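See structure below.
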Amino acid sequence: MRRSERDGEMLVQKYKDMLKGKSVIRELSEFATARGQEIGYENVFDYSLGNPSVPVPREFTDALVHMLVERGTAELHGYSPSLGIASVREAVAASLERRFGLPYRKEHIFMASGAAGALAHAFRLVTEAGDEILTFAPFFPEYNPYVNLSGAVLKVVPPDTEGFQIHFGEFEEMLTDKVKAVLVNTPNNPSGVVYSKETLGRLADLLRKKSLEYGHTIYLISDEPYREIVFAGVEAPCVSAFYDDTIMCYSFSKSLSIPGERIGYVAVNPRCKEAEDMINMCGQISRGIGHNCPPSIIQLAVAQTLELTADLSVYETNMELLYKELTALGFACVKPGGTFYIFPKALEQDAKVFCRKALKYDLVLVPGDTFGAPGYFRMAYCIDTEKVERSFEAFGRFVREEYGAGK
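In our numbering, each residue's number is its place in the sequence shown (first place is 1) plus 1098.
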């Protein structure tokens, strides 16, 4: 491993190198904050950061307050067991069985620090250094450090820009015997698209075929933080129902609007041959990566609100308004089926140039290059509907003055 010396200290070079490639999303969010200090943040149309905007459900808050009054310090604020609190794991398993018809038990559940923590365990469960994980563009850019810093290698299948489902021709070419896992995200960040039954069925068939051909299991890792944000008329199939060797990674960040609480879980499909061993292995993985023992009080609170959500309806309202306005202005766009993202095609080939031009109109948009889809841009519309509507005047000016298009 290369190291650099500075003032007698030895620093790991790969992490120093990462300083040169900071998150574009975070940089744009910081720009929006700074611009807001100049002109008032209400006048900055910040579509950069996917931070839930709706209030936490009252029931979640009430559960916390009640426990703080009625329960002891050790139970609420002490370390939880390595795999998570047993009663919480039992509640999660029962909810999954009730909702999706798979025979989950607590032995299939590991409590984690959000979806990121869940993914950190999943990658290390099924890959060793040099093994490949495939994912599908457009994809969440943080998958790159999540996977590559685990020792595995992330490979990205080019996008199917017709509908942002899976480009199976490209996928089959890349699905070699080096691949130990496939990572999916549905509903998808950044496109908002939900994978269909047909897509998931074809994916599962191909993974079974190739697992048999290569003589080793290819695991399916399903990243599901947006599972509950699905719009009217759209079906969001349970990924685990299609493929036995599926590892579900879930977060309550979006469903309950609690991203700062860092709580989620790993759920290994009960039909997976080594499901219980895999969960026990998660406890050992935690010892090496420090993603261990998420807050006890938050585990207990989510167990009481497992099938509740915040009022997520504003996201569909915002999506419908934006989709109508953007398409009227001439943008090509696949209509989202869920999440709080939309992913239109830019009005010029270079989306980075397009998004820089938009900043002159106080429109903060994220170019699609880091999502694996150059020429597109992402908008996170988890903002007040009133602000979405006010942004339309800026969009209209932007499109007319920069591209001579629009209404």
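Backbone N, C-alpha and C fix where the C-beta goes; we use that ideal spot for every residue, glycine too.
Bear in mind the structure is a predicted one, so any value in this text is a computation, not a measurement.
- A contact is defined here as three or more CB-CB pairs under 8 Å, and the stretch 1317-1327 fails this definition with respect to the stretch 1175-1187.
- If you look at ALA1478, you'll find it in the beta strand (DSSP E) that goes 1475-1478.
- Beta-bridge partners assigned by DSSP to LEU1457: none are found.
- The beta-carbon distance between SER1146 and ALA1130, rounded to whole angstroms, is 6 Å. This is short enough to meet the 8 Å contact definition.
- Only buried fits LYS1443, as 16 or more other CB atoms lie within 10 angstroms of its CB.
- Look at ILE1207 here: in three-state DSSP terms it is strand.
- Distance from the Cα of PHE1198 is smallest, within the candidate group ALA1302, SER1338, PHE1350 and PRO1357, for SER1338.
- In the structure shown, SER1193 falls within a helical segment according to DSSP collapsed to helix, strand and coil.
- Taken in chain order, the complete alpha helix (DSSP H) segments of 4 residues or longer contained in the stretch 1295-1326 are 1295-1312.
- In the three-state DSSP reduction, VAL1142 falls in the coil class, being neither helix nor strand.
- Between the alpha carbons of GLN1447 and ASP1460 lies a distance of about 21 Å.
- Put simply, the backbone Cα of SER1193 is about 20 Å away from that of PRO1285.
- Nearest to THR1415 by alpha-carbon distance, out of VAL1486, THR1315 and HIS1206, is VAL1486.
- Around the Cβ of THR1425, a 10 Å sphere holds fewer than 16 other Cβ atoms; the residue is exposed.
- Within 10 angstroms of the beta-carbon of PRO1236 lie 16 or more other beta-carbons, which makes it buried.
- The count of Cβ pairs closer than 8 Å, one atom from the stretch 1209-1229 and one from the stretch 1346-1354, reaches three, so the stretches are in contact.
- Inclusion of TYR1474 and ALA1449 in the CB contact set at 8 Å is warranted, their separation being smaller than that value.
- In the structure shown, GLU1230 adopts extended strand secondary structure according to DSSP, grouped into three states.
- Of the residues assessed, ASN1141 falls on the exposed side of the cut-off, its CB having fewer than 16 other CB atoms within 10 angstroms.
- ASN1367 has no beta-bridge partner at all, per DSSP.
- Distance check between THR1483 and each of LYS1433, GLN1402, GLY1428 and LEU1410 places LEU1410 closest, using alpha-carbon atoms only.
- Put simply, the stretch 1295-1304 touches the stretch 1266-1274. At least three CB pairs are less than 8 Å apart.
- With respect to the C-alpha of PRO1150, the residue from GLY1228, PRO1357 and ASN1378 having the closest C-alpha is PRO1357.
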